[in-house]
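Residue numbers (the numbering used here): 2 to 284. Everything on this sheet refers to the single structure shown next.
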Amino acid sequence: MPVPKKAVSPPGSDESVFIPAGPAVQLRAKQRSSPRIMPVFPRPLITSTKCVALLLRKQPTECQIAFSFAFEKLPPYEPNIPEPTTRADFMKYWFPVSLDDKTAQKLLWISEGSTKVTRTSDTVCPYPNRPERYQDSPQVLCKEGLMGVRGYWEVDYDGWVVIGVVAESAPRRGQEVPCGLGENKGSWGVGWSGSCYQVWHNGENIDIQLPVSPTIGVYVDLPAGIISFLSVEGDSEKEVRLIHKYKAKFEERIFPGFWIGTNSFCLIRKKDHYEYVPFNAHQ
């Protein structure tokens with residue numbers, strides 16, 4: 002992990018800044034009125050080309066299997082229930098995600114079954130050029146998007162990283178609009194600065210004074226307009242502590258995303274000893 006005097010790079014930039022020793026200066030975001038929340042109700046999403054082809058060929062049994070597999074990651078939304086407070090509560094909404102190498106900027110290396118992203122040096126990975134790939138900012142998104150649901154996942158990390166979520170329409174290249182995670186209105190992120198947590202959104206950051214943990218949890222309740230970043234603490238019996246909660250409105254899919262500094266990595270955790278919770282058991 003970085004130390005207080007380590008040179009680090011803010012999201013969307015490769016320029017180094019130095020974090021002074023001693024108590025961190027509290028950076029407060031400008032006060033803004035809370036945005037109006039517009040619920041987004043769940044609707045069927047067919048994203049599998051194979052499933053669509055099967056529908057056209059009128060093979061309902063095989064298509065139903067393909068669609069059920071995709072939809073298994075999206076539990077049905079139940080409104081007007083209390084927000085989760087314990088890790089066991091959050092685990093009910095576990096959402097398995099995997100890295101999409103088609104979006105990875107070329108300084109990033111994907112490994113371990115698309116669960117780990119690493120940046121060790123300026124060595125370029127020979128990815129082919131694609132329009133959805135990040136061009137300048139060292140970022141990568143996950144394949145799985147969310148809309149109209151609750152979801153939770155956890156990430157182990159080391160070094161200077163930003164872990165968060167990105168709207169589908171958020172910029173990925175160009176100089177007119179910042180592409181860094183948390184540097185535009187379509188992304189929200191959290192990272193460890195070397196002396197405190199920092200949360201980022203729309204180019205503004207806030208310092209959060211909490212003990213560091215090597216694991217971050219991300220919880221979203223999209224119809225309610227909630228993004229929560231949590232510190233996952235403990236060994237055998239893990240618990241969570243809220244770092245920061247954002248309120249927003251979501252009218253499109255969002256994707257888990259990662260900004261990776263030099264000599265840093267993120268590893269998406271697999272679900273641990275918690276058993277699979279059937280959809281009808283979600284509270």
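Note that beta-carbon positions come from the ideal geometry of N, C-alpha and C, so glycine has one too.
With contacts defined as CB atoms closer than 8 Å, Leu231 and Thr116 fail to qualify as a contacting pair. With respect to the C-alpha of Asn130, the residue from Ile111, Pro139, Lys103 having the closest C-alpha is Lys103. Put simply, the backbone Cα of Trp260 is about 31 Å away from that of Pro83. For Asp157, the enclosing beta strand (DSSP E) stretches over residues 151-159.
Taking each of Glu79, Lys186, Ile207 in turn and checking the Cα distance to Tyr94, the smallest one comes out for Glu79. A contact is defined here as three or more CB-CB pairs under 8 Å, and the stretch 173-186 meets this definition with respect to the stretch 194-206. For Phe91, the enclosing alpha helix (DSSP H) stretches over residues 88-92. In this structure, the beta-carbon distance from Pro215 to Asp157 falls below 8 Å.
Distances from the alpha-carbon of Leu109 to those of Lys239, Lys271, Asn264, Arg270 put Asn264 closest.
Excluding five sequence positions before and after Glu253, the CB atoms of its chain that fall closer than 8 Å to its own CB belong to Met148, Ala168, Glu169, Ser170, given in chain order. By the C-beta density criterion, Gln106 is buried, having at least 16 other C-beta atoms within 10 angstroms. In the DSSP assignment, Glu205 falls within the beta strand (DSSP E) that extends over 205-209.
A Cβ-Cβ separation of about 7 Å places Tyr153 in contact with Gly218 under the 8 Å criterion.
Note on geometry: alpha-carbon atoms of Gly175 and Gln140 lie some 14 Å from one another.
For Gly190, the uninterrupted beta strand (DSSP E) segment begins and ends at 188-193. Straight through space, the alpha carbons of Asp123 and Pro97 are spaced by roughly 30 Å.
Closest in C-alpha terms to Arg120, from the list Trp193, Gly226, Ile111, comes Ile111.
For Ile244 against Leu211, the beta-carbon gap comes to about 6 Å, under 8 Å, which counts as contact. With 16 or more other CB atoms across the displayed protein chains lying within 10 angstroms of its CB, Gly192 is buried. The C-beta of Ser188 has 16 or more other C-beta atoms within 10 Å across all chains shown, which makes the residue buried.
By the 16-neighbour rule on beta-carbons within 10 angstroms, Arg242 is exposed.
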